Amino acid sequence: MYAHSKLSDESLKKIRLKEIKWQTMLTEWDKWMSFKANKVRNRCRKGIPPAIRPRAWQYLCGSYHLFNQEYGKYQRLLEMPGDPKIISQIKLDIDRQLSNHVMFGSDNTNGKESLYNVLKAYSQMHPEIGYCQAHAPIAAALLIHIPEEQAFWTFVCLCDRYMVDYFKSGLERVKIELNMLFALVKKYQPEIHKHMVKCKTEPLYFAVDWFMCLYTRNLPWSTVLRIWDMFFFEGVKVIFRIALTIFELLLGDSQSRDRLNSFDKLMECLRKLPQNIVSEEVLIKHSLRYTFITKQELIKLYKTQLKCMELSTS
Numbered sequence: 001m002y003a004h005s006k007l008s009d010e011s012l013k014k015i016r017l018k019e020i021k022w023q024t025m026l027t028e029w030d031k032w033m034s035f036k037a038n039k040v041r042n043r044c045r046k047g048i049p050p051a052i053r054p055r056a057w058q059y060l061c062g063s064y065h066l067f068n069q070e071y072g073k074y075q076r077l078l079e080m081p082g083d084p085k086i087i088s089q090i091k092l093d094i095d096r097q098l099s100n101h102v103m104f105g106s107d108n109t110n111g112k113e114s115l116y117n118v119l120k121a122y123s124q125m126h127p128e129i130g131y132c133q134a135h136a137p138i139a140a141a142l143l144i145h146i147p148e149e150q151a152f153w154t155f156v157c158l159c160d161r162y163m164v165d166y167f168k169s170g171l172e173r174v175k176i177e178l179n180m181l182f183a184l185v186k187k188y189q190p191e192i193h194k195h196m197v198k199c200k201t202e203p204l205y206f207a208v209d210w211f212m213c214l215y216t217r218n219l220p221w222s223t224v225l226r227i228w229d230m231f232f233f234e235g236v237k238v239i240f241r242i243a244l245t246i247f248e249l250l251l252g253d254s255q256s257r258d259r260l261n262s263f264d265k266l267m268e269c270l271r272k273l274p275q276n277i278v279s280e281e282v283l284i285k286h287s288l289r290y291t292f293i294t295k296q297e298l299i300k301l302y303k304t305q306l307k308c309m310e311l312s313t314s
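Numbering follows full-length UniProt numbering, with no gaps: position 135 of the sequence shown is 135.
Below, the structure written as structure tokens:
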């Protein structure tokens with residue numbers, strides 16, 4: 001998976017240097033997070049070396065603690081019978097996940113079995129949530145990098161700490177955050193906001209997958225990994241930053257807005273994003289222009305949008 005045979009000697013040296021830096025951080029993780037967290041954040045933004053990524057993700061989200069603290073619980077969850085309806089839905093969805101990847105191709109039953117196990121165990125752990133179709137691509141992406149049981153606890157951290165309430169019935173939290181995104185577009189990209197309003201388009205129509213599946217269904221794999229590297233450290237801010245960057249690259253100039261001048265044209269482009277804007281090099285670099293968006297701003301926006309939603313339903 002981590003072969004570097006096509007890279008130049010200079011590129012290999014850079015990768016190995018990054019690996020050494022990350023290994024050093026991981027051996028003294030608590031100290032780095034306590035005293036040099038900004039340095040860790042910046043290294044996440046530059047991209048975690050592939051060979052280090054599985055371990056780094058677990059340290060960043062804290063799942064390596066859960067794995068040790070909850071030893072044996074995963075096996076107990078798997079031994080429980082499960083809700084027949086949920087089990088049936090999971091089995092239906094497994095074949096749809098990353099089928100072009102060798103781990104989940106038609107001939108690989110081990111990868112599919114691991115995916116089934118992770119999804120079933122989570123549905124047992126959280127019967128109030130059960131199973132959501134957006135769970136599958138996230139769990140599959142983790143399993144490509146992390147062994148099954150560790151992947152499960154990493155999945156638990158993502159769902160329970162980073163994506164709080166995303167998967168509850170009615171998707172209220174996701175709807176609020178998509179409204180927050182549109183408010184950010186209005187504030188920081190007013191011309192794009194005007195254009196989207198003119199075309200009668202808003203994030204709720206096309207960006208549910210962006211948030212609920214962490215871009216796994218929408219962007220090239222190398223780009224997704226770089227987004228996740230940042231997401232594991234910075235959280236949901238990254239999802240907003242990437243969305244704003246997509247809008248800027250797609251609709252940032254008047255010629256593009258003139259070309260995508262109707263609901264159908266704009267929706268088609270948003271659902272199948274052009275390759276020239278979604279590459280790792282372009283999208284990640286441009287997204288770092290939006291690091292001024294803070295957690296505090298998002299909290300304030302959330303409260304505003306929640307109040308608006310409550311008033312509209314009262």
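Quick reminder that beta carbons are idealized off the backbone N, C-alpha and C, glycines included. Remember, predicted model here, so these are calculated numbers, not experimental data.
Handout entry: Given residue 298 as reference, the closest of 261, 187 and 204 once Cα atoms are compared
Key = When each option's Cα is compared against that of residue 298, the closest is 187.
Problem - Supposed contact pair residue 143 and residue 114 - C-beta distance, whole angstroms, cut 8 Å - result: Rounded, the Cβ-Cβ distance is 5 Å, consistent with contact.
Practice task
Report the rounded CA-to-CA distance for residue 71 versus residue 200, giving the unit in angstroms.
Solution key: Roughly 51 Å between the two C-alpha positions.
Handout entry: Neighbourhood of residue 136 by C-beta, 8 Å cutoff - its chain only, sequence neighbours within 5 removed
Key = Counting only Cβ-Cβ distances below 8 Å, and skipping sequence neighbours, we find 90, 93, 94, 96, 97, 115 and 119.
Practice task
Closer than 6 Å by C-beta to residue 226: which residues in its own chain qualify, once you throw out the five before and the five after it? Chain order, please.
Solution key: Same-chain partners within the cutoff: 47, 280 and 284.
Exercise for the section: Please report the residue range of the alpha helix (DSSP H) in which residue 198 lies. Expected result: Its alpha helix (DSSP H) spans residues 190 to 198.
Practice task
Let me know the alpha helix (DSSP H) ranges lying completely inside the region 12 to 74, each 4 residues or longer, listed in chain order.
Solution key: Correct list: 29 to 35, 37 to 46, 53 to 61 and 63 to 69.
Exercise for the section: Would you mind working out which of 236, 175 and 267 sits nearest residue 309, comparing C-alpha positions? Expected result: The option with the nearest alpha carbon to residue 309 is 175.
Practice task
With a cut-off of 8 Å on the beta carbons, I'd call residue 74 and residue 149 a contact; round off their distance for me.
Solution key: That belief holds up - the Cβ atoms of residue 74 and residue 149 are roughly 5 Å apart, short of 8 Å.
Practice task
Count the CB pairs spanning the region 244 to 259 and the region 268 to 280 that are closer than 8 Å, and state whether there are at least three.
Solution key: Judged by pairs of C-beta atoms under 8 Å, the region 244 to 259 touches the region 268 to 280, as three or more such pairs exist.
Problem - Reference residue 278, options 219, 257, 262 and 296, closest by Cα - result: Checked all of 219, 257, 262 and 296; the closest Cα to residue 278 is 219.
Handout entry: Rounded C-alpha distance that separates residue 145 from residue 67
Key = Roughly 16 Å between the two C-alpha positions.
Practice task
Within its chain, find whatever has a CB closer than 6 Å to the CB of residue 257; leave out the 5 residues flanking it on each side and keep chain order.
Solution key: So the list reads 195 and 251, once near-sequence residues are dropped.
Practice task
Go through its chain and collect everything with a Cβ distance to residue 162's Cβ below 6 Å, but skip five positions before and after it.
Solution key: If we look at residue 162 and ignore the five residues flanking it on each side, its Cβ neighbours are 235.
Handout entry: Test item: CB-CB of residue 155 and residue 138 under 8 Å
Key = Closer than 8 Å, so yes.
Handout entry: For residue 137, the first and last residue of its enclosing alpha helix (DSSP H)
Key = Looking at the DSSP string, the run of the alpha helix (DSSP H) that includes residue 137 is 135 to 145.
Problem - Segment contact, 8 Å Cβ cut-off, at least three pairs: the region 19 to 26 with the region 40 to 56 - result: These segments touch.
Problem - As assigned by DSSP and simplified to three states, the class of residue 286 - result: Residue state, collapsed to three classes: helix.
Exercise for the section: Work out the CA separation of residue 296 and residue 302 for me, nearest whole Å. Expected result: About 10 Å.
Exercise for the section: Specify the secondary structure class of residue 269 as computed by DSSP and reduced to three states. Expected result: Helix, per DSSP.
Practice task
Return the first residue and the last residue of the alpha helix (DSSP H) that residue 113 is part of.
Solution key: Note, residue 113: alpha helix (DSSP H), 109 to 125.
Practice task
Would you mind sorting residue 80 into buried or exposed? The rule is 16 or more other CB atoms within 10 Å of its CB.
Solution key: Exposed.
Practice task
Could you tell me whether the Cβ atoms of residue 78 and residue 121 are closer together than 8 Å?
Solution key: Remark: C-beta atoms of residue 78 and residue 121 approach each other more closely than 8 Å.
Handout entry: Alpha carbon of residue 243 to alpha carbon of residue 287, nearest angstrom
Key = Cα to Cα, the separation comes out at about 9 Å.
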